[in-house]
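Trainee: Residue 537, in our numbering, is where the sequence shown stops; the numbers in between run on with no holes.
Input: one structure, supplied below.
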Amino acid sequence: MDEPPMNRPTPPPLSPYRKERRAQTINQWLFLPILLCLVAGVNYIGWRHYIRTDFSINRFQELSGQTFNLLKNLPGEVTLTAFLAPEQDTTGSLIQDDVQRLLDGYKYHGGGKVKVELVQPYLDFQLAQKLAEKFKLTSNENVILVQYGDRSRILKVAEMADIDSGAMMSGGAARVKSFQAEEKISSAISALVQGKPAKVYVTEGAGEYNLNSSDRDPAGYSLLSARLASQNVELLPLKLGEQEGIPADADLVMVAGPKFQLPAASVATLQAYLGKPGRILLLLDPGAPTGLENILAEYGVTVDADKIFRKVAILGTGGLTQGVNEETVGTRFSAHPAIRWMENVGGSIRLGASRSITLKPVSSGSATRAEMLVETSDRYWAKSWPLAPGKKTDFVESEDRKGPFTVAAAVDGAAPGDKGKEVPALRAVVVGSASAFSNQNISPLEVDFMVNSIQWILGRNESLGISPKTPKDFSVSLDDDQQRVIMLSTLLGIPLVTGVLGFLVWWRRRS
27 MDEPPMNRPT
37 PPPLSPYRKE
47 RRAQTINQWL
57 FLPILLCLVA
67 GVNYIGWRHY
77 IRTDFSINRF
87 QELSGQTFNL
97 LKNLPGEVTL
107 TAFLAPEQDT
117 TGSLIQDDVQ
127 RLLDGYKYHG
137 GGKVKVELVQ
147 PYLDFQLAQK
157 LAEKFKLTSN
167 ENVILVQYGD
177 RSRILKVAEM
187 ADIDSGAMMS
197 GGAARVKSFQ
207 AEEKISSAIS
217 ALVQGKPAKV
227 YVTEGAGEYN
237 LNSSDRDPAG
247 YSLLSARLAS
257 QNVELLPLKL
267 GEQEGIPADA
277 DLVMVAGPKF
287 QLPAASVATL
297 QAYLGKPGRI
307 LLLLDPGAPT
317 GLENILAEYG
327 VTVDADKIFR
337 KVAILGTGGL
347 TQGVNEETVG
357 TRFSAHPAIR
367 WMENVGGSIR
377 LGASRSITLK
387 PVSSGSATRA
397 EMLVETSDRY
407 WAKSWPLAPG
417 KKTDFVESED
427 RKGPFTVAAA
437 VDGAAPGDKG
447 KEVPALRAVV
457 VGSASAFSNQ
467 NISPLEVDFM
477 VNSIQWILGR
487 NESLGISPKT
497 PKDFSVSLDD
507 DQQRVIMLST
517 LLGIPLVTGV
527 LGFLVWWRRR
537 S
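So, in structure tokens, the structure goes:
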């Protein structure tokens, strides 16, 4: 006989509290994987699509607009390999992190066409040995290898910054005076993409400055020459009296401070070259006529037969006196592409002994434009030069001209041609000084001025205006009393305030 089924007790209904707890538990277990998926998705999107910005004070890793244009127009892939052993030299240890972040900036803005590799010789031994054999490197060099197709260039990290070692001599640490890595790297990329170097013919035979001199020659141009070589510029001699015309492969003719009168045939050769049209960089010191003062007159530029002076205060044994100085300093700059970079750099350009330049409007139908690049302040006056016998350099109201004076100018225009055909543009830069760019006088700003002028004449707009970055220093000077106040505030004041606040909290809870 079957037994009746046992009556199982009915579980009591869940209380509202337990229902709420169970719903919270289920909600948490559902929310956790959703949260993990969201975090993973956000991180993936941030890894693939991010915005790179430099908020540092010095902005060493910030790329210029010229570098942006260069990277935007790259025709192929560029590989930047950092071969770094920073402990081997002072410069490498100081700027290694800045260089690496700068290279990351090239990769970020390269649109997939810039590949960056980091090789540390002591950690990546096999790869380092392979690169060392290929590029003839030693294991302790700090270099950046720039490769484009089958072309390559080696950049030394030691040349990417100017180091102030003076502080080390007084027991301090070395510091970076200027950071030049972007200019070096972008110039190397531009040179590799362009292929063959631009040919600049430098005139000889009339006492011009020697671009092939040694660095020890104070009157030579070797420092400027070395910088131009790094810009993919080949300097070639040009003896106007020994050959007919300007070579057909000339991209630019440079006349660097002739001291004697050029033969009429040589002047005619240069004028014919400009009429093609050609491209010329003309540097003329004050002195005897050279025959080139009016070579650009039909294009609106004339180099005046004068010399610029200004009054200066001289401290001597007899006290403070007034003197005359021939040092010309350009402090005003136009918005022309060849000099626009000065807006970001600041400062002035020292041109030494200089002559003025007069700009005149050309005919309204001409496409040629003459524009001021560098101008002095109104503190200067110009005297006819060479100085007549018995004359002094002091200002004479009835004889001399007052400033401001144009001391550098640019000419840009197009020669007439058949309709529908492209015609090469005439381009020229004229400077009323040549001695300013000699080894004994030139400074980094004058080097940049010359390099950017030549780059503009050559039409290399992507290389214009990449100037060294200078660090911003901040210092605070405190006397003994101020230092004592800061020390006591740190050692006693802050702990005392913390203790008082703690006591007040304890007393409030106790009461």
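Positions of the beta carbon are idealized from the N, C-alpha and C atoms, including for glycine.
Within a Cβ cutoff of 6 Å, which residues of the same chain sit near Lys182, ignoring the five residues on either side of it in sequence?
Mentor: Within the same chain, Lys182 has close Cβ partners Val169.
Trainee: In chain order, what residues of the same chain have a beta carbon less than 6 Å from the beta carbon of Met368, not counting five sequence neighbours either side?
Mentor: So the list reads Phe359, once near-sequence residues are dropped.
Trainee: Starting from Asp420, trace the alpha helix (DSSP H) both ways and give me its first and last residue.
Mentor: Run containing Asp420: none; DSSP gives neither H nor E here.
Trainee: Rounding to the nearest angstrom, what Cα-Cα distance links Leu143 and Gly102 in this structure?
Mentor: In the sequence on display, residue 143 carries Glu and not Leu. Looking at the two C-alpha atoms, the distance is approximately 17 Å.
Trainee: Can you tell me whether Gly91 is buried or exposed, with buried defined as 16 or more other CB within 10 angstroms of its CB?
Mentor: The residue in question, Gly91, is exposed, as its Cβ has fewer than 16 Cβ neighbours within 10 Å.
Trainee: Work out the CA separation of Val104 and Gln173 for me, nearest whole Å.
Mentor: Gln173 and Val104: Cα-Cα distance of roughly 6 Å.
Trainee: Just confirm the distance between the C-beta atoms of Val140 and Leu97, as a whole number of angstroms; I'd bet it's less than 8 Å.
Mentor: Yes, they are in contact, since the Cβ atoms of Val140 and Leu97 sit about 7 Å apart, within 8 Å.
Trainee: Take the Cβ of Asn69 as the centre, count every other Cβ of all protein chains shown within 10 Å, and call the residue buried at 16 or more, exposed below.
Mentor: Exposed is the call here.
Trainee: So, do the stretch 513-528 and the stretch 222-242 have three or more beta carbon pairs nearer to each other than 8 Å?
Mentor: No, the stretch 513-528 does not touch the stretch 222-242.
Trainee: Of all the beta strand (DSSP E) runs that stay within the bounds of the stretch 46-133, which reach a length of 3 or more residues?
Mentor: Qualifying beta strand (DSSP E) stretches, in chain order: 104-109.
Trainee: Excluding five sequence neighbours on each side, which residues of the same chain lie with their C-beta closer than 8 Å to the C-beta of Tyr247?
Mentor: Excluding positions up to five away in sequence, the list reads Tyr235, Asn236, Leu237, Ser239, Ala282, Phe463, Ser464, Asn465.
Trainee: I need the straight-line Cα distance from Ile483 to Ala454, nearest angstrom please.
Mentor: Computed Cα separation, rounded: 6 Å.
Trainee: Please name the residue in Lys302, Gln297, Leu278, Trp407 whose C-alpha comes closest to that of Lys337.
Mentor: Checked all of Lys302, Gln297, Leu278, Trp407; the closest Cα to Lys337 is Trp407.
Trainee: Under DSSP, the alpha helix (DSSP H) around Arg269 begins and ends at which residues?
Mentor: Note that residue 269 corresponds to Gln in the displayed sequence, not to Arg. Segment: none, Gln269 is in no alpha helix (DSSP H) and carries neither H nor E.
Trainee: Is it true that the CB of Asn258 sits closer than 8 Å to the CB of Ser220?
Mentor: According to the sequence shown, residue 220 is Gln rather than Ser. Yes, the pair counts as a contact, with Cβ atoms nearer than the cut-off.
Trainee: Check each candidate in Gln508, Ser515, Leu262, Pro494 and name the one with the smallest Cα separation from Ile211.
Mentor: The shortest Cα separation from Ile211 among Gln508, Ser515, Leu262, Pro494 belongs to Pro494.
Trainee: Assuming Lys225 contacts Glu260 (C-beta within less than 8 Å), just tell me the rounded distance between them.
Mentor: Lys225 to Glu260, Cβ: 5 Å. Contact.
Trainee: What is the DSSP secondary structure of Pro42, reduced to helix, strand or coil?
Mentor: Helix.
Trainee: If you follow the beta strand (DSSP E) that Phe286 is in, where does it begin and where does it stop?
Mentor: Looking at the DSSP string, Phe286 is not in any beta strand (DSSP E), and its letter there is neither H nor E.
Trainee: The alpha helix (DSSP H) that contains Glu472, what's its start and end?
Mentor: First-last of the alpha helix (DSSP H) with Glu472: 470-483.
Trainee: My output table needs one value for Ile512: the three-state DSSP class, helix, strand or coil.
Mentor: Of the three classes helix, strand and coil, the one that applies to Ile512 here is helix, per DSSP.
Trainee: Let me know the alpha helix (DSSP H) ranges lying completely inside the stretch 216-283, each 4 residues or longer, listed in chain order.
Mentor: Listed in chain order, the complete alpha helix (DSSP H) runs (minimum 4 residues) inside the stretch 216-283 are 248-255.
Trainee: Taking all protein chains shown into account, decide if Thr516 is buried (16 or more other Cβ within 10 angstroms of its Cβ) or exposed.
Mentor: Exposed, since its Cβ has fewer than 16 Cβ neighbours within 10 Å.
Trainee: Between the Cα of Gly313 and the Cα atoms of Lys386, Ser410, Thr384, which residue gives the shortest distance?
Mentor: Ranking Lys386, Ser410, Thr384 by Cα distance to Gly313 puts Ser410 first.
Trainee: Can you list, in chain order, the residues of its chain whose CB lies under 8 Å from that of Glu319, leaving out five sequence neighbours each side?
Mentor: Excluding residues within five positions, the ones whose Cβ falls inside 8 Å are Leu310, Thr328, Val329, Asp330, Ala331.
Trainee: Got a sec? Which residues, its chain only, sit under 6 Å from Asp188 by beta carbon, not counting five neighbours each side?
Mentor: Only Lys203, Ser204 meet the Cβ criterion.
Trainee: Across which residues does DSSP place Val142 in a beta bridge pair?
Mentor: Note: Val142 sits in a beta bridge opposite Leu106.
Trainee: Taking only three categories from DSSP, how would you classify Gly175?
Mentor: Coil.
Trainee: Output needed for Val125: all residues of its chain with C-beta closer than 6 Å, excluding positions within five of it in sequence on either side, in chain order.
Mentor: Result list for Val125: Ala207, in chain order.
Trainee: What did DSSP end up calling Asn351 once you bin it into helix, strand or coil?
Mentor: In this structure, Asn351 counts as strand in the three-state DSSP scheme.
Trainee: Distance, Cα to Cα, Lys302 vs Gly271?
Mentor: Rounded to the nearest angstrom, the two C-alpha atoms are 12 Å apart.
Trainee: Assuming Met368 is part of the alpha helix (DSSP H), what are its boundary residues?
Mentor: Its alpha helix (DSSP H) spans residues 368-371.
Trainee: To which residues of the same chain is Gly373 closer than 8 Å at the C-beta, ignoring the five residues directly before and after it?
Mentor: These residues qualify, in order along the chain: Leu471.
Trainee: When the distance is taken between beta carbons, is Phe421 closer than 8 Å to Ile334?
Mentor: Not in contact: Ile334 and Phe421 (Cβ atoms no closer than 8 Å).
Trainee: From Arg376 to Gly356, what distance separates their C-alpha atoms?
Mentor: Looking at the two C-alpha atoms, the distance is approximately 6 Å.
Trainee: Helix or strand or just coil, what does DSSP make of Asp438?
Mentor: Strand, per DSSP.
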